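Residues 48 to 235, numbered by our numbering, are exactly what the sequence shown covers, in order.
Contents: one structure, followed by commentary.
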Amino acid sequence: TLIVLGCLLGAGEMRAQKVLIDGIYYTLSGSGDDAYATVVDNGTTAPGTYSGNVVIPNTVDNNEVTYKVTSIASQSFKNSTGLTSVTIPANVKSIGNKAFDGCTSLAEINLNATDLTSVGGSSNYSFNGCTHSCVVNIGEDVTSLPTYAFAGLTNISQINYNATNCSTSNSYIWNSSTSTSCVLTIGD
Numbered sequence: 048t049l050i051v052l053g054c055l056l057g058a059g060e061m062r063a064q065k066v067l068i069d070g071i072y073y074t075l076s077g078s079g080d081d082a083y084a085t086v087v088d089n090g091t092t093a094p095g096t097y098s099g100n101v102v103i104p105n106t107v108d109n110n111e112v113t114y115k116v117t118s119i120a121s122q123s124f125k126n127s128t129g130l131t132s133v134t135i136p137a138n139v140k141s142i143g144n145k146a147f148d149g150c151t152s153l154a155e156i157n158l159n160a161t162d163l164t165s166v167g168g169s170s171n172y173s174f175n176g177c178t179h180s181c182v183v184n185i186g187e188d189v190t191s192l193p194t195y196a197f198a199g200l201t202n203i204s205q206i207n208y209n210a211t212n213c214s215t216s217n218s219y220i221w222n223s224s225t226s227t228s229c230v231l232t233i234g235d
């Protein structure tokens with residue numbers, strides 16, 4: 048399913064266009080090897096577009112162009128209270144401020160981003176307000192976890208850490224996580 052919400056500028060030129068592909072909104076930019084997509088909100092004032100299990104693909108196709116999904120914009124999933132699970136693909140390099148803010152039913156995060164360089168900020172955590180008991184799965188090909196990667200998750204029940212060659216920037220990865228009991232599994 049594809050819906051294009053772009054704006055024509057003139058003589059066939061198009062600015063980064065917003066599209067809906069398989070239930071996820073994106074802005075698409077570039078072309079050829081430099082074609083990339085950013086997950087965005089629905090563009091309306093109504094919050095909470097996403098629900099259930101959302102699997103963000105590594106790439107999306109539009110008009111015979113393949114776009115790498117490289118980022119999740121600020122507030123993309125904000126207040127999606129019906130969102131229960133999200134899978135973040137290998138190509139994602141950044142997750143914006145408050146991207147999952149208020150996702151009170153988020154119970155599982157599957158992180159497969161192999162070169163994640165930024166997640167939210169020191170006071171604008173990407174997972175702020177995610178209060179449901181949550182399992183975090185870190186994929187085996189993940190090579191870095193930036194500062195504040197999972198800050199704001201307040202009820203982490205289990206971390207499945209499968210990364211075999213991962214570096215972290217510092218101890219603030221779990222900042223503001225107030226879990227009193229958490230199971231940590233390393234490897235299979």
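The beta carbon of each residue, even a glycine, is placed where N, CA and C say it ideally should be.
These numbers come from a predicted model, not from an experiment.
Which residue comes first and which comes last in the beta strand (DSSP E) that contains residue i?
i, result
"Q64", "Q64 to I68"
"N159", "First-last for N159: undefined, no H or E at that position."
"D1", "In this structure the chain extends from 48 to 235, so residue 1 is not present and cannot be described."
"N109", "T106 to N109"
"I103", "Careful: I103 lies outside any beta strand (DSSP E) and carries neither H nor E."
"Y114", "V112 to I119"
Can you look up residue i in the DSSP assignment and give me helix, strand or coil?
i, result
"D188", "coil"
"G79", "helix"
"Q205", "strand"
"T48", "Any reading at T48 must be qualified, since the residue scores a pLDDT of 44, below 50, and its modelled position is unreliable; the value itself is stated next. Coil."
"G143", "coil"
"T131", "strand"
"A58", "A caution first: A58 carries a pLDDT of 35, below 50, which makes its placement in the model unreliable, though a value can still be read off. In the structure shown, A58 sits in coil (DSSP, three-state: anything other than H, G, I, E or B)."
"K125", "coil"
"G53", "Here G53 scores only 44 on pLDDT, less than 50, and its place in the model should not be relied on; the value that follows carries that caveat. Reduced to three states, the DSSP call for G53 is coil."
"Y195", "coil"
"V183", "strand"
"A84", "strand"
How many whole angstroms separate the CB atoms of residue i and residue j, which I take to be in contact at a CB cut-off of 8 Å?
i, j, result
"I142", "N159", "Their Cβ separation, rounded to whole angstroms, is 13 Å, which puts I142 and N159 out of contact at 8 Å."
"K125", "D88", "7 Å"
"G176", "T151", "7 Å"
Please name the residue, chosen from the options, that lies closest to residue i on a Cα-to-Cα basis.
i, options, result
"E11", "K140, T161, H179 and T190", "Nothing about residue 11 can be read from this structure; the chain reaches only from 48 to 235."
"V107", "S98, F124, V86 and K125", "V86"
"S191", "K140, A120 and I203", "K140"
"N138", "A146, K65, V116 and N157", "V116"
"T128", "F174, I185 and P104", "F174"
"F197", "L130, C181, S118 and V101", "C181"
"V186", "N209, T201 and I203", "Position check: residue 186 holds Gly in this sequence, whereas Val was assumed. Cα-wise, what sits closest to G186 is N209."
"I119", "A84, T131 and I206", "A84"
"F147", "Y73, L163, L130 and V183", "L130"
"G149", "Q64, T201 and P104", "T201"
"I103", "N184, Y72 and Q64", "Y72"
"T74", "G99, V101, S98 and S123", "S123"
"D69", "S76, V189, N100 and A82", "N100"
Please determine if the segment 160 to 178 and the segment 102 to 117 are in contact, where contact requires at least 3 C-beta pairs separated by less than 8 Å.
-> Counting C-beta pairs with one atom in each stretch, the segment 160 to 178 and the segment 102 to 117 have fewer than three that are closer than 8 Å, which means they do not touch.
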